[in-house]
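Following: one structure in structure tokens, then a few remarks.
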Amino acid sequence: MKILEIIIGLTSGGAERFVVDLCNQFTKEGHSVTLLTLKDLKYENYGFYLNDIHKEVRVESLGLRKFGPTIFFKLFKVINNKQVDIVHMHLASVPFFCVLPLIFHRKARYFVTSHNQAESERGNIRFLIKKILFKFKRFELIGISDQNSTSLLNVFGKRAIATIYNGRELLKETDKFFEVKKIFDNYRKTGVSNIFVSVCRCQPQKNIPRLVRCFNKVISKYPDTLLLIIGGGYDNEIGILAKKSACSGIIFLGLKHNVVDFFKCADFFTLSSDYEGMPITLIEALSVGCIPVGTPVSGFNDIIKDEVNGFVAHDFGDDSYIKAIENAINNKQKINKDLLISTYKEKLSIESCANSYIKLFELSKYSKQV
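Structure follows, in structure tokens:
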């Protein structure tokens, strides 16, 4: 099967990490895969995952540094010239930019994976165009968790063709593992008993102010607790204020390629988001037995059962999130880490995920174009 995967760029986000893993797995299973990015991979952080792509995946880019009217014609030309069976789009803006091939090039089958709650897309022309295209069956939507698929139905008025949980390739320690372990050992020698890791870009949906506010209070009550924040984008107003208000027990580490080493050494993974689709960081944490603690966002709510394989806040208020964190600190011995790893293997491996996509691509009723 010939597959074209389209995404804006390869920045250090969950959707981008997922697309790279999916392309690699498709290639391993013998499919011909082209990964097309809209943004210039040499610009800013848009090539963060470039070196993680399998050598047999064809990587192409429109080379854009900003979006303009020419993007519509460039995408049409690229897709029209490629003899692919599947065009698989990621992130909310991509179907809008692909409006011309979606209308005029009907030789391929088109799918869009929704990486966030559909409610977050409302309120602009891109959403309106996407909704019209979906209504007239120009593409099919794929949800990445049960809650995510429900949001698609609520917002677009039509069910997703399938719900396929995100997957992640099996994580392995990097050559920096012992360096990271030494850092964690030094923390523990100072009396630290509970180390949390949060991996997130500084974006509004991640609600970094909540993360800092709540951990400030938790650390004042449990001074043997430490929060390490991994991710980029903290030079904006939200990030600068978060850093200024954070207590000494909250440490900002910046971007890291070796997040697996941190998950393997930490006690807990935590997220404070207002909405998600299916967090890749959650999958990564589960795969190495790092206990999840978070807000009741899509994906997290689908996979994590409170006090069974993690700890979930009852709602999005600060008090509920703090209670979940404190419950984790006081009851971490209740969690069987082998259960976390088995959850990953049974539901969230990239092999299982890729197989589900291939079956959908091959068997979908949408293969008969309208």
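Heads up, the sequence shown is in numbering that gives the first Met the number 0, so the first residue is 0 and it goes up one at a time.
Here a beta-carbon is modelled for each residue, glycine too, at the ideal position from N, C-alpha and C.
Check this for me: beta carbons of Gly276 and Ser297, under 7 Å apart or not?
The count along the sequence shown starts at 1 and reaches residue 276 at position 277. The count along the sequence shown starts at 1 and reaches residue 297 at position 298. Yes, Cβ-Cβ distance for Gly276 and Ser297 is below 7 Å.
So, is Asn185 buried or exposed, given that buried needs 16 or more other C-beta atoms within 10 angstroms?
Taking the sequence shown and counting its residues from 1, one reaches residue 185 at position 186. Exposed, since its Cβ has fewer than 16 Cβ neighbours within 10 Å.
With 16 as the cutoff for other CB atoms within 10 Å, does Ser60 come out buried or exposed?
To locate residue 60, count along the sequence shown from 1; it is residue 61. Per the 10 Å Cβ criterion, buried.
Only counting the same chain, and skipping five residues up and downstream in sequence, which positions put a Cβ closer than 7 Å to that of Lys331?
To locate residue 331, count along the sequence shown from 1; it is residue 332. Closer than 7 Å at Cβ, skipping near neighbours: Asp266, Ile290.
Determine the direct distance from the alpha carbon of Leu151 to that of Asn115, and round the result to whole angstroms.
Here residue 115 refers to the residue found at position 116 of the sequence shown. Here residue 151 refers to the residue found at position 152 of the sequence shown. Each residue's Cα considered, the two are about 10 Å apart.
Coarse secondary structure for Val369, derived from DSSP in three states
Residue 369 sits at position 370 when you count from the first residue of the sequence shown. Only weak support is given to the placement of Val369: the predicted model assigns it a pLDDT of 38, under 50, and the question is left unresolved by the model.
When DSSP labels each residue in this structure, what does Lys134 get in the three-state scheme?
Mapped onto the sequence shown, residue 134 falls at position 135. Here Lys134 sits in helix by DSSP.
According to the neighbour-count rule (16 or more other Cβ atoms, all chains shown, within 10 Å of its Cβ), is Lys106 buried or exposed?
One-based indexing of the sequence shown puts residue 106 at position 107. The residue in question, Lys106, is exposed, as its Cβ has fewer than 16 Cβ neighbours within 10 Å.
What is the residue span of the beta strand (DSSP E) that Val93 lies within?
To locate residue 93, count along the sequence shown from 1; it is residue 94. Unbroken run through Val93 is the alpha helix (DSSP H), 93-96; no beta strand (DSSP E).
My understanding is that Ile85 touches Phe110, with C-beta atoms under 8 Å, so please give their C-beta distance in whole angstroms.
As a first step, residue 85 must be located in the sequence shown, where it is residue number 86. As a first step, residue 110 must be located in the sequence shown, where it is residue number 111. About 7 Å; that satisfies the 8 Å criterion.
Could you check which residue in Gly46, Ile160, Gly232 has the C-alpha nearest to that of Arg137?
Counting from 1 along the sequence shown, the entry for residue 137 is found at position 138. It is Ile160.
Tell me where the alpha helix (DSSP H) around Val372 begins and ends.
The requested residue 372 is not part of the displayed model; the chain covers only 0 to 369.
Val77, DSSP secondary structure in three states:
Indexing the sequence shown from 1 puts residue 77 at position 78. Reduced to three states, the DSSP call for Val77 is helix.
State the beta-bridge partners of Asn165 as determined by DSSP.
In the sequence shown, the residue the question calls residue 165 occupies position 166. The partner list for Asn165 (beta bridge, DSSP) is empty, contrary to what the question assumes.
Sequence-distant residues of its chain with Cβ nearer than 6 Å to Ile303 (five each side left out):
Translated into positions along the sequence shown, residue 303 becomes position 304. Around Ile303: Pro291, Gly309, Val311.
Considering only DSSP beta bridges, list what Leu63 is partnered with.
Locating residue 63 in the sequence shown gives position 64, counting from the first residue. Partner(s): Lys38.
How should Leu127 be labelled, buried or exposed, when 16 other C-beta atoms within 10 angstroms of its C-beta is the threshold for buried?
The count along the sequence shown starts at 1 and reaches residue 127 at position 128. Exposed, because fewer than 16 other Cβ atoms sit within 10 Å of the Cβ of Leu127.
Within the continuous alpha helix (DSSP H) that includes Pro208, where are the two ends?
Looking up residue 208 in the sequence shown gives position 209. Where Pro208 is concerned, the enclosing alpha helix (DSSP H) stretches over 207-220.
Can you list, in chain order, the stretches of the alpha helix (DSSP H) that have 4 or more residues and sit fully within the region 222-280?
236-244, 258-264
Output the residue ranges of the alpha helix (DSSP H) runs that lie fully inside the region 320-364 and measure 4 residues or longer, sorted by chain position.
336-346, 349-362
For Cys213, which option in Leu270, Asn235, Leu359, Glu236 has the closest C-alpha, if you only look at C-alpha atoms?
Residue numbering aside, residue 213 sits at position 214 when the sequence shown is read from its first letter. Taking only the C-alpha atoms, the option nearest Cys213 is Leu270.
Can you tell me whether DSSP reads Thr103 as helix, strand or coil?
In the sequence shown, the residue the question calls residue 103 occupies position 104. It should be noted that the sequence gives Phe, not Thr, for residue 103. Helix, per DSSP.
Inter-residue spacing [alpha-carbon to alpha-carbon] between Lys263 and Lys255
Here residue 263 refers to the residue found at position 264 when the sequence shown is read from its first residue. Here residue 255 refers to the residue found at position 256 when the sequence shown is read from its first residue. Cα-Cα distance, rounded: 14 Å.
Whole-angstrom C-beta distance between Ile282 and Tyr343, which should lie under 8 Å
Against the sequence shown, residue 343 aligns to sequence position 344. Against the sequence shown, residue 282 aligns to sequence position 283. That pair is a contact at about 6 Å.
Given a cut-off of 7 Å, decide if Gly293 and Leu339 are closer than it, judged by their beta-carbon atoms.
Sequence index remark: in the sequence shown, residue 339 carries index 340 (1-based). Sequence index remark: in the sequence shown, residue 293 carries index 294 (1-based). In this structure, Gly293 does not lie closer than 7 Å to Leu339 by Cβ.
Give me the Cα-Cα distance between Gly13 and Ala91, rounded to the nearest whole angstrom.
The count along the sequence shown starts at 1 and reaches residue 13 at position 14. The count along the sequence shown starts at 1 and reaches residue 91 at position 92. The straight-line gap from Cα to Cα measures roughly 14 Å.
At the level of alpha carbons, what is the spacing between Gly190 and Phe71?
On the sequence shown, residue 190 is found 191 positions in, with the first residue counted as 1. On the sequence shown, residue 71 is found 72 positions in, with the first residue counted as 1. Whole-angstrom Cα-Cα distance: 57 Å.
According to DSSP, is Ile52 helix, strand or coil?
For the purposes of this step, residue 52 is identified with residue 53 of the sequence shown, where counting begins at 1. Looking at Ile52 - three-state DSSP - the assignment turns out to be coil, as it is neither helix nor strand.
Do you know how far the Cα of Asp301 is from the Cα of Asp145?
Working through the sequence shown from its first residue, we reach residue 145 at position 146. Working through the sequence shown from its first residue, we reach residue 301 at position 302. So the alpha carbons of these two residues sit roughly 7 Å apart.
Taking C-beta to C-beta, are Arg200 and Gly232 nearer than 7 Å?
On the sequence shown, position 201 is the one that residue 200 refers to. On the sequence shown, position 233 is the one that residue 232 refers to. Yes, they are a contact pair.
Nearest candidate by alpha-carbon position, reference Leu347, set Phe315, Ser272, Glu168
Residue mapping note: residue 347 aligns to position 348 of the sequence shown, counting from 1. Residue Glu168 is the option with its Cα nearest to Leu347.
Take Thr112 as the anchor and find which of Lys73, Gly166, Asn123 has the nearest alpha-carbon.
Counting from one through the sequence shown, the residue named residue 112 turns up at place 113. Residue Gly166 is the option with its Cα nearest to Thr112.
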